[in-house]
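A short worksheet on the structure shown next.
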Amino acid sequence: MSCIFCDILSGVKDAHILYEDSSHVAFLDKYPIDVGHSLVVPKKHHERITDMNSKAVGDLFSIVPKIANAILSATNADAFSLGQNNGRAAKQIIPHVHVHIIPRYNHKGTIWTKRSISNTDELSILARKIKSLLP
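In the UniProt record's numbering, the protein residues as written are 1 to 135.
Pasting the structure below:
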């Protein structure tokens, strides 16, 4: 089975990378719910979080705060939501574990279903800004 996130990790598909270490990568969502919507993905393919051991889950979630802080600073968001879906019935679209970091803005509310397509230039500029804010 083909996995778009594995294709991104192997360089077959492009992404706007924000963060990378030996086990994880974070990149901007191509179809964001709001400006700065990003995904944190383990490099090792697991379909569901229950397929991972507890250390791998802890390692994944341990990097979320620093990425979220950089996103908040870069976007001037007021808050953020985290999302992590497991299985089709839970609306997991890509069958590879990932954590959504979705910036939230007081003046916009918290609409979950609204998606837009960002252009490459916008995503590139935003990715550079977020990366520059990561320790």
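Backbone N, C-alpha and C define an ideal beta-carbon position, used for all residues, glycine too.
Under the DSSP assignment, residue 124 falls in the alpha helix (DSSP H) whose first and last residues are 120 to 133. For residue 9, same chain residues with a beta-carbon under 7 Å away, outside a window of 5 residues either side, are 25 and 43 in chain order.
For residue 5, same chain residues with a beta-carbon under 7 Å away, outside a window of 5 residues either side, are 41, 94, 96 and 98 in chain order. A check of alpha carbon separations from residue 74 across 49, 124 and 82 identifies 124 as the nearest. Here residue 70 has 130, 133 and 134 as same chain residues with Cβ atoms under 6 Å from its own Cβ, once five neighbours each way along the sequence are excluded.
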